[in-house]
Each structure stands twice: as structure tokens, then as C-alpha cells.
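Residue numbers (full-length UniProt numbering): 1 to 636.
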């Protein structure tokens with residue numbers, strides 16, 4: 001019988017060929033192994049000592065696996081011996097045992113195994129034996145003790161633990177109980193696998209070697225010890241009318257090894273057929289998905305071409321609109337100059353008629369006022385149009401001038417403080433001079449007066465400095481408010497505009513989606529995976545305690561750069577694609593530059609053409625540029 005679960009050794013084809021040759025010779029009886037009932041010898045080792053079954057098997061395994069002096073053929077011979085011992089030796093021995101009949105005296109002494117076997121054994125081949133499957137063994141002569149009117153013995157758990165420690169690996173041990181208590185019998189289950197058959201054969205072999213097998217138990221009148229007896233459960237035990245037979249009928253079935261092999265072959269064949277069908281279906285699905293991916297790629301390329309064409313058309317149209325706007329602005333300026341000249345001519349004409357009668361004078365005054373009002377309205381309109389730009393420019397210039405003044409005042413203040421310290425030192429020196437030195441006294445008084453004047457001047461400068469600082473802060477607040485208003489006004493601008501609002505520190509999602517779709521054919525699942533990945537890295541970016549930067553010196557100047565040896569950064573670089581890594585690094589650098597303490601995205605005016613933050617002046621100029629065409633259309 002075969003043993004699929006035994007350990008195998010990697011061999012080359014020639015070694016396998018020799019192994020099969022010697023195995024065939026062993027099965028054909030060319031070599032003798034068994035010299036008595038319990039004595040075995042290695043047929044390939046000269047002057048071999050006596051072995052039991054387990055020792056001979058260990059000897060063959062040692063030659064194959066561990067011996068460095070064994071030749072190529074010696075290894076092949078002992079590999080064949082292992083296969084013969086595991087697959088053929090016990091099958092032949094069991095066939096011989098199946099032809100023996102238990103004595104009738106045993107049935108008279110054991111009531112639990114009473115009566116003779118019922119003639120229910122199926123027909124079988126001469127070289128096959130019916131065994132109880134799942135594989136079981138019957139254990140007899142378990143010590144019992146009479147207590148409280150019933151027999152008691154070891155529990156199944158204790159017996160199982162004892163045999164497990166010895167390496168037999170039973171699955172379950174079930175003691176058989178009768179109305180009088182423990183019967184001294186137990187059924188040991190080893191499971192339905194080939195490993196279980198191997199374990200049960202080793203289990204009963206150890207008993208049979210010590211002459212405590214089935215035949216020894218049935219003929220135990222000549223062997224009256226108190227040790228356990230065990231044998232494999234066969235049709236002889238299955239067909240008994242008693243505790244053993246009832247348990248075996250309830251929990252097992254009679255099968256030959258060939259039957260079990262055939263059933264496994266059928267199951268394996270069905271399983272392989274099922275796997276083949278599944279593989280075919282998966283191949284079809286794979287081809288279908290590949291076709292869909294190819295189709296999607298073509299559609300994506302078409303969409304990208306359309307997008308490029310639309311962008312090109314948009315840029316051309318935008319350029320034409322800008323040219324038209326410039327032409328309209330020139331035309332409006334020309335019309336304005338003409339209107340202004342006409343109004344000036346009209347004013348001269350009215351002044352020339354000023355000497356006329358009172359009615360004409362009033363009319364002239366009225367027209368003059370109206371003319372001035374029109375001019376003022378025109379001027380106000382122009383002023384309102386440029387107010388924001390001029391104010392911001394003026395405030396910026398004022399701020400610059402104030403900074404220069406502050407620096408000068410600070411220098412002056414420091415100079416005065418130094419002079420005051422020098423004067424105080426001179427006064428302290430003069431205080432120690434004698435009273436007779438009148439010239440020194442006069443000089444000291446002069447220095448004290450100068451010191452007082454300098455201190456008053458310093459106090460005035462400090463007050464002026466404080467006033468300038470307050471005004472500077474107020475101006476800075478106004479500039480910050482103006483920038484906030486511009487950001488609020490540009491928040492709806494598309495990111496295709498020249499000046500738009502960009503959220504610095506926002507994590508770009510598209511690289512994650514593209515990377516997920518490359519690794520997962522299911523679009524919905526890919527988007528879910530990308531969303532989870534984006535959410536995870538947004539949490540990492542928002543964690544202010546995580547600071548993956550290090551300071552290095554570049555040209556004698558300390559510079560903060562990304563620490564690529566950081567655990568999270570290194571893991572991201574190794575596990576994810578470059579686009580994903582670049583997106584995370586970009587967001588991290590933006591947060592570190594614009595909001596290192598809060599670690600959340602902030603809105604910033606952005607100059608798309610130069611790829612940098614836009615200045616306040618650029619924002620105002622772009623706002624005026626977008627406003628002028630609207631003003632022209634409104635006038636028309």
C-alpha cells in the first residue's frame with residue numbers, strides 16, 4: 001500500500017531508476033529481510049545485525065539522509081528498502097495473518113466479545129484484507145478496579161496522552177463500557193488519512209513485536225501477564241456481536257486499501273476537473289478583462305487627444321480675447337481724450353461768454369458746473385478703477401519708507417544710547433575730581449546738560465519709534481486683510497487661470513488612483529483602495545509630531561531637507577510607485593514651508609506661469625485686467 005504523506009528525498013532520475021530496480025527485486029523475493037517472526041536484517045549491508053521493524057526503517061533512513069560515506073548505489077538500495085518497508089512489507093504480513101482464525105476458548109472467557117463472528121464479511125480478493133475505516137485499533141487487557149459495585153479503569157484522555165507521548169498520534173481513544181462498568185477494552189481511532197494508517201501500523205507493530213497482538217490475546221492461556229494487547233481492527237472485529245463490534249459498526253466501515261485508494265483517486269479526479277474548469281473560466285475572464293482594458297486605453301487616448309485639442313483651442317481663443325481687450329482699451333482711451341478736449345473747448349467757450357448778460361452767466365455757470373461734475377465723475381470712475389492697485393502700491397511704498405525710517409531711528413537711538421552711556425561715564429569720572437578743578441566742574445555741568453538733552457531726545461525718538469511700530473503693524477494687518485480678500489475673490493478661479501488660489505499641502509489624489517488601477521483590475525475596488533491609502537497619508541501629514549526632515553549644511557548654510565531614511569518615507573518609497581511618492585513628498589514640503597505648526601492645508605495666491613506664490617501686486621493687476629473688459633461691456 002502507498003503512503004503519500006511520508007517524507008521524500010530529492011533524487012536525480014538515475015538514482016530513481018536504481019531505486020525502482022531494487023524495489024522490484026525486493027517485492028520479487030530476490031532479497032530476504034525477515035529471518036524470524038520478530039527479527040529483521042538489512043539485505044544490503046554485509047554482516048547486518050538484527051533489527052526490529054522501526055530500527056530497520058531508521059537504519060535505512062540514516063543511510064539515505066545522513067551517511068556521507070554511502071555510495072550512489074547504496075543510497076538507491078536503502079531508498080528501495082524504505083519504500084518496501086512502508087508500502088509492501090506489512091501488506092504481505094497482514095495477508096498471512098488474515099488467514100488465521102482465533103481460537104474458540106477466547107470467546108468463552110470474554111463476554112464482551114461473546115459469540116462467533118456473523119457471516120457478514122463481503123467477498124474479497126485473496127491478496128487484500130478488509131480493515132475498519134477510518135483506521136482503528138482494538139486494545140485489550142486494560143487494568144480495571146472494582147469500586148462501588150462497578151469496574152473502573154483509565155480514561156480515554158489518559159490513554160491518548162500516554163500514546164501521544166510515545167509518538168503514535170491517536171485521534172481518539174474510546175474505552176468500552178458495559179452495564180458492569182469499564183470492560184477493559186478500548187478502541188483507538190487514528191483518522192481516515194494515510195498518515196493515520198502509518199500510525200496504527202506502528203502502534204500495533206510495537207505490541208506484536210512483544211507478542212501482545214491479536215493471536216497472542218486470543219491464545220493468552222499460555223501468556224498470563226497484565227500488559228496491554230492491541231491489534232488493528234479488521235472484519236473479524238467488525239462482525240462481532242458485542243461492545244467492540246457494535247462500536248465499529250456505528251463509527252466505521254469495512255474497506256480494503258485498494259478501495260480507499262480508488263475513492264481518493266475519484267475524489268482527486270473530480271477535484272482536478274473542477275480546478276480545470278475554474279482555470280478555464282478564469283482564463284476567459286482574463287481575456288475579457290484584457291480586451292476591456294485595451295478598449296479603455298484606446299478611449300483614454302482619444303479623450304486625451306480631445307483634451308489637448310480643446311486646451312489648444314482655448315489658449316488661442318484666450319489670446320484673441322486679450323488682443324481684442326487691448327484694442328478696446330486703446331479705443332476707450334482715445335474716446336476719453338476726445339471727450340476731454342471737447343469739454344475743455346466748451347469750457348473756453350463758456351468763459352468767453354462770461355461777460356454777457358446775467359441769464360447767460362447763470363447758464364454758463366450751470367453748464368460749467370455740469371461740465372466739472374462730468375469731469376469729476378469721469379475722474380472718480382478712473383480713480384475707483386485703479387484705487388485698489390494704487391492704494392496697495394502706495395501702502396507698500398509707505399511701508400518700505402517706514403522700515404527705512406525705523407532703521408534710521410534705531411541707528412539714531414543706538415547712537416544716543418551710546419552717547420548717554422559715554423556721558424554718564426564721564427560724569428562719574430568727574431564726580432571723583434577735586435572741588436578746586438572749576439574747569440572740570442563746568443565741563444561736568446555742561447555734560448549733564450547735554451546728557452539731559454540727549455535723554456529727552458532719546459525719549460522722543462522712542463515715542464516716535466513706538467508710534468511707527470504701531471502704524472507698521474496696522475499697515476501689515478491691512479495688507480494681510482487685502483490678501484485675504486483677494487484669496488476670497490479668486491477662490492472660484494479654475495486652476496487653469498494665470499492667478500488662482502492653490503491649497504498648499506493638499507495631497508493629490510490622482511497618482512494614488514492610477515497606481516491602484518495598475519494593481520487591481522476591479523475599478524471600484526481600486527478606487528476604494530486608493531481612497532484608503534489617501535486617507536492614511538492625509539492622517540500622517542496632519543500629524544504634527546511626525547517631522548521627517550533633517551538639517552544639513554549646504555555652502556556653510558544650514559538647510560532643512562527631507563529625511564529619506566525615515567521609517568514611513570522609506571516604506572512609501574519601497575512599496576509605492578514614484579508618482580505616489582512624489583505626491584506625498586510635495587504635500588509634505590508645502591506643509592513644512594507654509595504651515596509647519598498646524599500641519600493643515602492653507603490657501604495661497606499662485607502664479608501659474610512662474611509656478612510660485614503670486615505677490616499682492618500681481619493679484620491686483622490680474623483683477624484689474626479681468627475687470628476692464630467688463631467695464632467696457634457695461635458702458636456699451
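Positions of the beta carbon are idealized from the N, C-alpha and C atoms, including for glycine.
First and last residue of the uninterrupted alpha helix (DSSP H) at residue i
| i | result |
| --- | --- |
| residue 245 | 243 to 251 |
| residue 204 | 194 to 209 |
| residue 507 | Neither: residue 507 is in no alpha helix (DSSP H) and is coded neither H nor E. |
| residue 218 | 214 to 218 |
One or two residues paired with residue i in a DSSP bridge
| i | result |
| --- | --- |
| residue 147 | 150 |
| residue 612 | 607 |
| residue 175 | 186 |
| residue 34 | 40 |
| residue 234 | 131 |
| residue 416 | BP columns for residue 416 are empty, so no partner. |
| residue 499 | 607 |
| residue 255 | 131 |
| residue 602 | 504 |
Per-residue DSSP class, three states only, for residue i
| i | result |
| --- | --- |
| residue 560 | strand |
| residue 163 | helix |
| residue 68 | coil |
| residue 274 | helix |
| residue 240 | coil |
| residue 22 | helix |
| residue 168 | coil |
| residue 619 | helix |
| residue 324 | helix |
| residue 229 | strand |
| residue 51 | strand |
| residue 156 | helix |
| residue 122 | Unreliable positioning characterises residue 122 in this predicted model, as indicated by a pLDDT of 37, which lies under 50. The coordinate reading is nonetheless provided below. In this structure, residue 122 counts as coil in the three-state DSSP scheme. |
| residue 95 | Reliability of the predicted coordinates at residue 95 is poor, the pLDDT of 47 falling under 50, and the value obtained from them is presented with this limitation in mind. Correct three-state label for residue 95: helix. |
| residue 460 | helix |
| residue 181 | strand |
| residue 625 | helix |
| residue 103 | Here the model assigns residue 103 a pLDDT of 33, short of 50, so the residue's position is not dependable, and the following value carries that caveat. Three-state result, residue 103: coil. |
| residue 511 | helix |
Pairwise C-alpha distance: residue j and residue i
| i | j | result |
| --- | --- | --- |
| residue 591 | residue 543 | 11 Å |
| residue 267 | residue 231 | 30 Å |
| residue 561 | residue 569 | 13 Å |
| residue 619 | residue 486 | 7 Å |
| residue 417 | residue 454 | 8 Å |
| residue 294 | residue 321 | 40 Å |
| residue 48 | residue 42 | 6 Å |
| residue 153 | residue 282 | 58 Å |
| residue 571 | residue 581 | 10 Å |
| residue 551 | residue 563 | 9 Å |
| residue 328 | residue 314 | 21 Å |
| residue 193 | residue 134 | 8 Å |
| residue 54 | residue 88 | 15 Å |
| residue 359 | residue 373 | 21 Å |
| residue 637 | residue 366 | Nothing can be reported for residue 637, as the shown portion of the chain is limited to 1 through 636. |
| residue 171 | residue 76 | 35 Å |
| residue 521 | residue 498 | 38 Å |
| residue 616 | residue 331 | 29 Å |
| residue 553 | residue 300 | 46 Å |
| residue 310 | residue 488 | 29 Å |
| residue 184 | residue 239 | 20 Å |
| residue 211 | residue 229 | 8 Å |
| residue 158 | residue 136 | 18 Å |
| residue 209 | residue 33 | 15 Å |
| residue 587 | residue 462 | 45 Å |
| residue 519 | residue 526 | 8 Å |
| residue 255 | residue 58 | 30 Å |
| residue 246 | residue 178 | 12 Å |
| residue 545 | residue 507 | 18 Å |
First through last residue of the beta strand (DSSP E) which encompasses residue i
| i | result |
| --- | --- |
| residue 137 | 136 to 140 |
task: Pick out the complete beta strand (DSSP E) segments inside the stretch 523 to 577, 3 residues or longer, and give them in chain order.
output: 549 to 554 and 557 to 562
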